[in-house]
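**Q**
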Amino acid sequence: MSMINYAAREISCKIVYYGPGLGGKTTNLEHVYGRVQPNTRGKLISLATETERTLFFDFLPVDLGTIRGFKTRFHLYTVPGQVYYNASRKLILKSVDGIVFVADSQVERMEANQEAMQNLYENMQEYGYDLSTMPFVIQYNKRDLPNAAPLPELQAALNPGFEVFETQRQRIAPDPYHAGENLIDQIPTGEWVERAPYFEAVAVTGDGVFDTLKAVSKLVLKTLA
Amino acid sequence: MRSLQQFLYDSNARCAMLVDRSGQLVATVGEQPRFDATSFATLTAADFSANDQLARLIGETEFSSLFHQGEQESMYLVDIARRVILVVLFDNRTTLGLVRLKVKGTVEELARLFTAMFQRARDTKHQPNILAGAEDEIDRLFR
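Okay, structure coming up:
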C-alpha cells in the first residue's frame with residue numbers, strides 16, 4: 471500500500487517484478503540501478519543464493535521525480551523465480567501497489583511463464599487483491615533471442631485480457647504504447663476485455679526496462695490521483 | 002515519540018525505529034543511524050514476515066519479538082498491533098534483559114496509539130487526496 475509521509479513530503483509505493491526463474495527480473499533492477507543518478511536511488515539489496523538465484527528478494531529504492539511538491543519514491547522488489555520459494559514470493563506481494571510480470575520470450579519457457587502467471591493470480595487472490603483492477607504491466611523479455619516466440623502467441627497465452635463487465639467501460643481504449651492496438655477491446659465472441667499494457671525488452675542491454683518501469687509507476691500514481 | 006525517548010533513556014539503548022509491516026520506515030528516535038535506513042527497514046519487515054511463517058510452521062500464530070545478537074551491536078524487534086515493528090538497536094552499554102523489561106510499557110502504549118490511529122483512519126471516509134487532479138503532472142513526469 472502506498473504511503474504518504476507528509477513530514478518528509480514523500481510518497482512511497484511498492485512495485486513487484488514477478489515471473490518465471492531466470493526470466494530477467496533481477497536484471498531489470500540491475501539495469502535501473504546502473505542507469506539512474508546515484509543521488510536518486512538507494513542500495514540494491516540482493517538476497518540470493520551462491521549461484522545468484524534470488525532466494526528471498528532483490529530490493530531497490532528509486533526516486534522518479536516530484537509531483538505536487540512530493541517526492542515519488544518507488545520501492546522495487548523482485549520475487550524468487552522458482553516455484554519452490556513460493557512462501558517468500560507470497561510475502562513480497564503483501565501491500566503491493568503495482569506489478570510487472572517479466573515473461574521469458576523463449577518458446578521453451580512458455581510453460582514456465584504460464585505457471586508463474588497462474589501462481590501470481592493465486593497468490594494475489596489469497597491476499598484478496600484483484601489483479602484486474604490494479605496497476606499491472608507485462609514485459610516480454612529476451613526479444614533478441616532467435617528462439618523468442620512471436621508476440622501474438624505470447625499475448626494470447628499470457629495477456630488474453632480480463633473481461634470488462636461494467637457497461638460504461640465497454641468502449642475501445644487505444645494502447646498508448648502500440649499504435650493501432652487497443653487495451654480495451656471487443657473480442658469476436660462479443661465480450662469486452664481489457665489487456666494489461668505490454669512491453670518488449672532486452673533487459674541485459676536495458677531495452678524496454680525504463681519503458682516498463684515508467685508505465686507501471688505512472689499507473690500506480692494515477693490510482694492515487 | 003516522547004514515550005520512545007523515555008524508553009531509550011531508561012534502557013540505555015542507542016536508537017529505536019518504527020517500521021511499517023510493508024517495509025517503510027515510519028520514524029527514528031535517538032542516535033541517527035549511519036547505515037542505509039531504507040534498506041534496513043525493508044529487511045526488518047522481511048525478517049519479521051519470514052519469522053511469522055516459521056512460527057506458523059511450528060504451530061505458533063506469531064513470534065511477537067525477535068532478537069539478533071552481534072559482538073558489539075544487537076537488535077531487538079517487537080510487533081506492535083500487527084501493523085508496525087519497533088526495532089531497538091543497542092550495544093554493550095546495556096543488556097537484552099533491561100531492554101526487554103523497559104520496552105514492555107512502551108509497546109503497550111504504542112499499541113494503544115496505533116490501534117486508535119488505524120481505527121480513526123478506517124472511520125474517516127474521505128482521505129485527503131494530495132494527488133487529486135494531478136493527472137497532467139503525472140503525464141509530464143513520465144514523458
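Quick note, the sequences are listed as chains L and C, same order.
For what it's worth, my numbering labels the leading residue of the first sequence as 471, then goes sequentially.
For what it's worth, my numbering labels the leading residue of the second sequence as 2, then goes sequentially.
Idealized CB from N, CA, C, for every residue including glycine.
These figures come from a predicted structure and were not determined experimentally.
1) When you compare only the Cα positions, how much space is there between L:Asp574 and C:Phe41?
2) Determine, for L:Ser602, whether the minimum Cβ-Cβ distance to residues of chain C falls below 8 Å.
3) Check L:Val663 in the structure and name its three-state DSSP category.
4) Write down every uninterrupted run of the alpha helix (DSSP H) in the region 49-134 of chain C whose length is 4 residues or greater and which is fully enclosed by it, in chain order.
5) Which of the three DSSP states, helix, strand or coil, is assigned to C:Ile139?
6) Per DSSP, which residues does L:Val570 bridge with? Please list them.
7) Mapping the DSSP letters down to three states, classify L:Thr548 as helix, strand or coil.
8) Pick out the complete alpha helix (DSSP H) segments inside the region 615-644 of chain L, 4 residues or longer, and give them in chain order.
9) Out of L:Glu664, L:Arg579, L:Ile654, state which residue places its alpha-carbon closest to the alpha-carbon of L:Asn611.
10) For C:Arg123, does the count of other Cβ atoms within 10 angstroms reach 16, so buried, or fall short, so exposed?
11) DSSP beta-bridge partners for L:Thr496?
12) Quick one: Cα of C:Asp21 to Cα of C:Val88, how far?
13) Return the residues of the region 654-669 of chain L that lie within a Cβ-Cβ distance of less than 8 Å from chain C, sorted by chain order.
14) Tell me which same chain residues have a C-beta within less than 8 Å of the C-beta of L:Tyr591, skipping the five on either side of it?
15) Kindly say whether C:Ala82, judged by its beta-carbon, lies nearer than 8 Å to any beta-carbon of chain L.
16) Thinking C-alpha only, which one of L:Lys684, L:Arg639, L:Ile657 is nearest L:Pro646?
17) Using the beta-carbon of each residue, which ones in chain C are nearer than 8 Å to L:Ile485?
18) Evaluate C:Met2 with the Cβ neighbour count: other Cβ atoms within 10 Å of its Cβ, from every protein chain shown; 16 or more gives buried, anything less gives exposed.
19) In angstroms, rounded to a whole number, what distance separates the CA positions of L:Pro531 and C:Gln25?
20) Who pairs with L:Glu670 in a beta bridge, going by DSSP?
21) Looking at L:Asp566: is its Cβ nearer than 8 Å to the Cβ of L:Val679?
22) Let me check understanding here. Comparing Cα to Cα, which of C:Gln73, C:Tyr77, C:Leu55 lies closest to C:Asp92?
23) Could you tell me whether the region 666-681 of chain L touches the region 7-15 of chain C, using the rule of 3 or more Cβ pairs below 8 Å?
24) Take the Cβ of C:Ala47 as the centre, count every other Cβ of all protein chains shown within 10 Å, and call the residue buried at 16 or more, exposed below.
25) Just checking: is the beta-carbon of L:His648 within a distance shorter than 8 Å of some beta-carbon in chain C?
26) Out of L:His545, L:Phe544, L:Ile562, which one is the CA nearest neighbour of L:Gly551?
27) If I follow the unbroken alpha helix (DSSP H) through L:Met594, where does it start and stop?
28) Name the chain A residues whose beta carbon is nearer than 9 Å to that of L:Phe527?
**A** In terms of the structure at hand:
1) 31 Å
2) no
3) L:Val663: strand per DSSP, three-state reduction.
4) 97-124
5) helix
6) L:Tyr487, L:Val607
7) strand
8) 621-628
9) L:Arg579
10) exposed
11) Answer is none; L:Thr496 lacks a bridge partner.
12) 11 Å
13) none
14) Leu601
15) no
16) Nearest Cα to L:Pro646 within the set L:Lys684, L:Arg639, L:Ile657: L:Lys684.
17) Per Cβ cutoff of 8 Å: no residues; L:Ile485 is ~12 Å from chain C at best.
18) It counts as exposed.
19) 11 Å
20) L:Tyr610
21) Contrary to the premise, residue 566 of chain L reads as Val rather than Asp in this sequence. Taking 8 Å as the cut-off, the Cβ atoms of L:Val566 and L:Val679 do not count as close.
22) Of C:Gln73, C:Tyr77, C:Leu55, the smallest CA-CA separation from C:Asp92 is found for C:Gln73.
23) The answer is no - the region 7-15 of chain C does not touch the region 666-681 of chain L, with fewer than three Cβ pairs under 8 Å.
24) C:Ala47 counts as buried, since at least 16 other C-beta atoms from the protein chains shown sit within 10 angstroms of its C-beta.
25) no
26) Residue L:Ile562 is the option with its Cα nearest to L:Gly551.
27) Where L:Met594 is concerned, the enclosing alpha helix (DSSP H) stretches over 580-597.
28) No chain A appears in the structure shown, which is made up of the protein chains L and C.
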